[in-house]
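If you read the protein sequences in the order shown, they are chains A and B.
Each step along the first sequence adds one to the number in this note's numbering, with nothing skipped, and position 59 is 95.
Each step along the second sequence adds one to the number in this note's numbering, with nothing skipped, and position 132 is 147.
The beta-carbon is built from N, C-alpha and C at its ideal position, and this holds for glycine as well.
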Amino acid sequence: MLPFYSGSSDFSPRAEFSNTTGLFELAGVSRPENVSAFYSQLIDWLKIFEQECVHSGTWPGNGITVNFKLTYCNSASSKYIFQILEIILSWKRYGIQPVINWYYDESDDKMKDDGQDLADALEYNFNYLSLS
Amino acid sequence: MENFTILDHSGIIHYETIGELIHTFKDQIHLKGIQTGTYKKILLVMIESLENIMKHSECCPPGQNPASTYMPVFSIRKDVSQFIIASSNPVKKQSIPAFKDRLEYLNTLDQQGLKDFYKKTITNGLFTNRGGAGLGLIEIAKISGKKITYEFSPLDDHCDRFNMIITIDETSN
Numbered sequence: 037m038l039p040f041y042s043g044s045s046d047f048s049p050r051a052e053f054s055n056t057t058g059l060f061e062l063a064g065v066s067r068p069e070n071v072s073a074f075y076s077q078l079i080d081w082l083k084i085f086e087q088e089c090v091h092s093g094t095w096p097g098n099g100i101t102v103n104f105k106l107t108y109c110n111s112a113s114s115k116y117i118f119q120i121l122e123i124i125l126s127w128k129r130y131g132i133q134p135v136i137n138w139y140y141d142e143s144d145d146k147m148k149d150d151g152q153d154l155a156d157a158l159e160y161n162f163n164y165l166s167l168s
Numbered sequence: 016m017e018n019f020t021i022l023d024h025s026g027i028i029h030y031e032t033i034g035e036l037i038h039t040f041k042d043q044i045h046l047k048g049i050q051t052g053t054y055k056k057i058l059l060v061m062i063e064s065l066e067n068i069m070k071h072s073e074c075c076p077p078g079q080n081p082a083s084t085y086m087p088v089f090s091i092r093k094d095v096s097q098f099i100i101a102s103s104n105p106v107k108k109q110s111i112p113a114f115k116d117r118l119e120y121l122n123t124l125d126q127q128g129l130k131d132f133y134k135k136t137i138t139n140g141l142f143t144n145r146g147g148a149g150l151g152l153i154e155i156a157k158i159s160g161k162k163i164t165y166e167f168s169p170l171d172d173h174c175d176r177f178n179m180i181i182t183i184d185e186t187s188n
């Protein structure tokens, strides 16, 4: 299995998911032209990672860390991010306690609120960290 | 108090159009002295409104330039201590009852009600066939903190024009 990487553009985030370290990162602006296609590839990768690494017990990592470093996220992206986190949090059944770090610009209350709304919907605690 | 227009667009909204309008708006903020907190709120409402127009302007036959009566219109203007974000686009009559119900329901909710409705919608796993998440109008209502002003005016036998006005108070940060 290969790591997942997609570079950022003006309106698409950088997505970097490592199958060796268990570090997943999404950074930048999330308003991709085809939001469904963009996030479906991440969801597909996570499902394969779960089958090949987490479920099979062959993954050498100890934990999962998810870093969100988004400066803008449209509402359709938020719903896909929720689905991504649902998948990752379902791995608690394998004894994994994912760490979710939600970075935000301190002048941007809305971005922090978005993280809190997601955490509330998922009933899971996020860490809130300054982007600077 | 100063009144001025920040953005005024008339024409079909494509994905690239939204990007161009975002850049135009960003170029205006320093010139117009808009504070960061207010700018971000306007930007978020602007993007969600334009994405709604892009997804739901459905009355012009493909490949044809719409007559001005069918043309989507979008503007942002400052009016005393408020910013007025106005959008207008044709919608099919058959989609209006459900759309109206949703707008009326949103206008009954306070901030906690909007948060609860947001949670219910983000967890339902549903997407429209145009890729919508059903969260756009909720986000707009949350950010504005005010009732959504809207009306439908008849265009022809199949379509009405949907006009929506969102207001955002000027903040000091």
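Alpha carbon to alpha carbon, how far is GLY58 (chain A) from TRP95 (chain A)? Give it in angstroms, no decimals.
Against the first sequence, residue 95 (chain A) aligns to sequence position 59. Against the first sequence, residue 58 (chain A) aligns to sequence position 22. Their backbone Cα atoms lie some 9 Å apart in a straight line.
Using only alpha-carbon positions, find the residue among B:LYS41, B:PHE142, B:CYS174, B:ASP23 that is nearest to SER110 (chain B).
Position 95 of the second sequence, counting from 1, holds the residue named residue 110 (chain B). Checking every option, the nearest Cα to that of SER110 (chain B) belongs to B:CYS174.
Determine the contact status of TYR160 (chain A) and ILE123 (chain A), defining contact as a CB-CB distance below 8 Å.
The sequence position of residue 160 (chain A) within the first sequence is 124, counting from 1. The sequence position of residue 123 (chain A) within the first sequence is 87, counting from 1. Cβ atoms of TYR160 (chain A) and ILE123 (chain A): not closer than 8 Å.
Would you decide whether VAL102 (chain A) is buried or exposed? Buried here means 16 or more other CB atoms lie within 10 Å of its CB.
What you label residue 102 (chain A) is simply residue 66 of the first sequence in a count that begins at 1. Buried is the call here.
With DSSP run on the structure shown, which of helix, strand or coil describes THR56 (chain A)?
Here the question's residue 56 (chain A) lines up with position 20 in the first sequence. If DSSP states are grouped into helix, strand and coil, THR56 (chain A) belongs with coil.
Given a cut-off of 8 Å, decide if GLU185 (chain B) and PHE98 (chain B) are closer than it, judged by their beta-carbon atoms.
In the second sequence, the residue the question calls residue 98 (chain B) occupies position 83. In the second sequence, the residue the question calls residue 185 (chain B) occupies position 170. Yes, these two residues count as a Cβ contact at 8 Å.
Mind pulling the chain A residues with CB within less than 7 Å of GLY147 (chain B)?
Sequence index remark: in the second sequence, residue 147 (chain B) carries index 132 (1-based). GLY147 (chain B) reaches chain A at ALA112, counting residues in chain order whose Cβ is nearer than 7 Å.
Buried or exposed: GLY149 (chain B), going by 16 or more other Cβ atoms within 10 Å of its Cβ?
Numbered from 1 along the second sequence, position 134 holds the residue referred to as residue 149 (chain B). Its Cβ being crowded by 16 or more others within 10 Å, GLY149 (chain B) is buried.
Should MET179 (chain B) be labelled buried (16 or more other beta-carbon atoms within 10 Å of its own) or exposed?
Taking the second sequence and counting its residues from 1, the one referred to as residue 179 (chain B) is at position 164. Under this definition MET179 (chain B) is a buried residue.
Count the other CB atoms within 10 Å of the CB of SER168 (chain B); is the residue buried (16 or more) or exposed (fewer)?
For this step, residue 168 (chain B) is matched to residue 153 along the second sequence. So SER168 (chain B) ends up on the exposed side.
Measuring CB atoms only, is the segment 84–97 of chain B touching the segment 107–125 of chain B, in the sense that at least three cross pairs come out at less than 8 Å?
no
Does the beta-carbon of ALA73 (chain A) have 16 or more other beta-carbons within 10 angstroms, so that it is buried, or is it exposed?
Against the first sequence, residue 73 (chain A) aligns to sequence position 37. That one is exposed.
Between which residues of its own chain and PRO189 (chain B) is the CB-CB distance below 6 Å, once the five residues before and five after are set aside?
Past the edges of chain B, shown from 16 to 188, lies residue 189 (chain B), and the structure says nothing about it.
Given the structure, does LEU59 (chain B) come close to the ligand MG, in the sense that its CB is under 7 Å from one of the ligand's heavy atoms?
As presented, the structure is devoid of all ligands, the ligand MG included, so that no description of it is given.
Beta strand (DSSP E) segments (min. 3 residues) lying fully within the segment 85–132 of chain A:
101–109
Does GLU69 (chain A) come within less than 8 Å of chain B when only Cβ atoms are used?
To locate residue 69 (chain A), count along the first sequence from 1; it is residue 33. Closer than 8 Å to some Cβ of chain B, the Cβ of GLU69 (chain A) qualifies, so yes.
Among B:SER96, B:LYS134, B:LYS108, B:ILE100, which one has its Cα closest to the Cα of LYS162 (chain B)?
Taking the second sequence and counting its residues from 1, the one referred to as residue 162 (chain B) is at position 147. Selected option, being the one with the closest Cα: B:ILE100.
With a threshold of 7 Å on Cβ separation, who are the neighbours of LEU65 (chain B) within its own chain once the five nearest residues in sequence on each side are excluded?
As a working note, residue 65 (chain B) is residue 50 in the second sequence. Within the same chain, LEU65 (chain B) has close Cβ partners ILE28, ILE33, LEU36, PHE89.
Residues in the segment 133–161 of chain A with C-beta within 7 Å of chain B's C-beta atoms, listed in sequence order?
SER143, ASP144, LYS146, ASP153, ASP156, ALA157
At 8 Å on the CB atoms, spell out the chain A contacts of ILE137 (chain B), in chain order.
Translated into the one-based positions of the second sequence, residue 137 (chain B) becomes position 122. The contacting residues are SER114, LYS115, PHE118, ASP153, LEU154, ALA157.
What residues of chain B sit near ASP46 (chain A), judged by a beta carbon separation below 7 Å?
Against the first sequence, residue 46 (chain A) aligns to sequence position 10. By Cβ distance, chain B contributes GLY34.
Considering only residues of the same chain and omitting the five flanking positions on each side of ILE132 (chain A), which have a CB-CB separation below 6 Å?
Working through the first sequence from its first residue, we reach residue 132 (chain A) at position 96. Around ILE132 (chain A): ILE100.
At a CB-CB cut-off below 7 Å, which residues of chain A make contact with LYS162 (chain B)?
Position 147 of the second sequence, counted from the first residue, corresponds to residue 162 (chain B). Within chain A, no residue comes near LYS162 (chain B); the closest Cβ sits about 19 Å away, beyond 7 Å.
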